[in-house]
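For reference, the structure discussed in these notes is given below.
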Amino acid sequence: MKDIVVFYTWIAFGHLMPMVELAKLLSKQGMSVTVVIVDFIKNSSSFTSKTISRLSVANPTISFHVIPPATELGEGIDHVFKIIQEANAPLSYLLKSISETCSVCAVVLDFFCTFALDVARQLDIPAYLFYTSGAYDLAMNIYFPTLDKNLDNSIVEIGNRLLHVPGLPPIPGSHLPDHMHQRNSLVYNTFINIYQRFVQHDGILVNTFESLEKKAIEALKAGLCFPGGYTPPVYCIGPLITVPEKKEEERHESLVWLDMQPRKSVVFLSFGSMGSFSEQQLREIATGLENSGQRFLWVVRSPTVTNPLKKLDPQDKPDLQAILPEGFIDRTKDRGMVVKQWAPQVEVLNHESVGAFVTHCGWNSILEATMAGVPMICWPMYAEQKLNKIYLVEEMKVAVEMKGYDEDIVVAKEVEDKVKLIMESEESKVIRERMETMREKAVDALREGGSSHTALEDFLKAVRMDGVPC
Ligand code: UDP
């Protein structure tokens, strides 16, 4: 009976893609792998089916399985959790049926899917957590239930007062994700419950590498983030990045355009799989870019105020002529390109014409910029991105902050100034050098004998030892 590892995640690009990368690594080691994905849109949306069929074709050794949602996705993150919780029953059924022909030696759970820990325990299958954000954020979240017990107020009342977390510099309360601001809300309590589950796994895999987040990783491994309890082994196995294999004739128009630009001359602006701005903000960015005089490649999504999760299946493309300042596209056509909705970010960042990256500070984007050695301008938008910004700007010093990101609007002058700073200033040369050093360290970590390579081997040993024959 063959051994199999089952990976379990949900249909969000920044969670699914690193999970597939991890599955690929195990498959290369000769293990059988299945990736199970919880969908959010009933009657399988075109987005999901296209994504899964693309992944299946690109990864013939991996089998993919989609669990459709039991109910329709509503507004708010609590609906996401409801759908994932409801998926426990079909997951259990699936694992049982796989166990009829294979020995399921482990399940690897995305951190939004830790409800499935109950299923793994019932079936006596070892369960590992895969953390697709960084160790910095993981340390904060494992420590958060302890912090919560010691806090007198909700985070929103704490404001800019500093929070002290092992392995992290003091963090202003305002830099925690919005969903953690209001104590005892349904979402807050659900997150506390999820955070408490992290340490209940048999091990925690993190998409990071030792020298990137040294202090936080040390604190996690020393058990400082879960005082009085047991922290399972932490395996830092990243950076796991999806590098698409494409034929020359399939190259995206943005890459063809980049081919014609001078080396390191273009600032790239992209805000993750869900980031979008109001029309007013888009116009400020456009004016700032125009006044900066720099070359740019800008990914623009439709302005929207609706549920960001629904943007996972984008239907409408922005009408650029209507949204952007009159004549902007014409006036900047010799030095700028605006792409609707999506650009092949990894390939763009690795293109030699790209000199800087304006990012929303999603963890995958940070790792991709690190592997490409591209300095950043931070414009955090949601989730743990403000925390990531502190790390990039204050600890690593490989980025600058776009002021006003946490106010109503970032004004055009700020966009202009920061773009000029990162592209032209003396300060930016030092930042660029630091980024290059970090890139080299990332490459070293992934080499045979490097910290991430060794951590993956340790994880594989643990999985093979724990495996329960069925
Ligand atoms: N991405 C992309 N093109 C885009 C926008 C995003 O390829 O136009 C990819 C990006 O390379 C990254 C992922 O989408 O791998 C976004 O993940 P991240 O963790 O940065 O942000 P999230 O979308 O989870 O907020």
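In UniProt numbering, the protein residues as written are 1 to 470. Where a beta carbon is used, it is the ideal one built from N, C-alpha and C, also for glycine.
By the 16-neighbour rule on beta-carbons within 10 angstroms, T71 is exposed.
Remark: the C-beta of W342 is in contact range of the ligand UDP, defined as less than 7 Å to any heavy atom. By the CB criterion at 8 Å, L446 and S452 fall inside the cutoff.
Between W10 and F111, the CB-CB gap reaches or exceeds 8 Å. For R447, the secondary structure class from DSSP, reduced to helix, strand or coil, is coil. In this structure, F112 has its beta carbon at no less than 7 Å from each heavy atom of the ligand UDP. When C-beta atoms of the segment 250-264 are compared with those of the segment 336-345, three or more pairs fall below 8 Å, so the two segments count as touching. Put simply, the segment 384-392 touches the segment 358-373. At least three CB pairs are less than 8 Å apart.
Closest option to M274, judged by alpha-carbon separation, among T190, V234, R331, N364: N364. As the crow flies, the alpha-carbon of L147 is around 20 Å from that of P232. One alpha carbon belongs to E407, the other to Y131, and they sit about 30 Å apart. For R464, the number of other beta carbons within 10 angstroms of its own is below 16, and it is reported as exposed.
For G272, there is no enclosing beta strand (DSSP E), since its DSSP letter is neither H nor E. Burial check for V57: the Cβ neighbour count within 10 Å stays below 16, so the residue is exposed. The beta carbons of L269 and L22 sit no closer together than 8 Å.
Nearest neighbour of F40 by Cα position, chosen from Q280, L367, F81, turns out to be F81.
Beta-bridge partners of A127 (DSSP): V107. Of the residues assessed, K418 falls on the buried side of the cut-off, its CB having 16 or more other CB atoms within 10 angstroms. For V108, the closest alpha carbon among the candidates G228, A286, L16, S278 is that of L16.
Rounded to whole angstroms, T437 and E75 show a C-alpha spacing of 42 Å.
Residue L163 holds the alpha-carbon nearest to the alpha-carbon of N141 among L163, N153, Y128, Q321. Beta-bridge partners of S32 (DSSP): I4. Fully contained in the segment 135-184 are the following alpha helix (DSSP H) runs of length 4 or more, in chain order: 135-150, 155-158.
Judged by DSSP in its simplified three-state form, Y235 adopts strand.
Going by DSSP, M396 is part of no alpha helix (DSSP H) at all; its letter is neither H nor E. Note on geometry: alpha-carbon atoms of K389 and A219 lie some 20 Å from one another. A356 is bridged by DSSP to V267. Around the CB of L95, 16 or more other CB atoms lie within 10 Å, so the residue is classed as buried.
For G272, the shortest separation between its Cβ and any heavy atom of the ligand UDP lies below 7 Å. At least one heavy atom of the ligand UDP lies less than 7 Å from the C-beta of E368. Unbroken alpha helix (DSSP H) runs of no fewer than 4 residues, entirely contained in the segment 407-434, are found at 412-424, following chain order.
The beta carbons of S46 and K2 sit no closer together than 8 Å. By the CB criterion at 8 Å, I62 and V35 fall inside the cutoff.
For L367, the enclosing alpha helix (DSSP H) stretches over residues 363-372. G336 is bridged by DSSP to F296. Partner residues in the beta bridge of W10, as assigned by DSSP, are V38.
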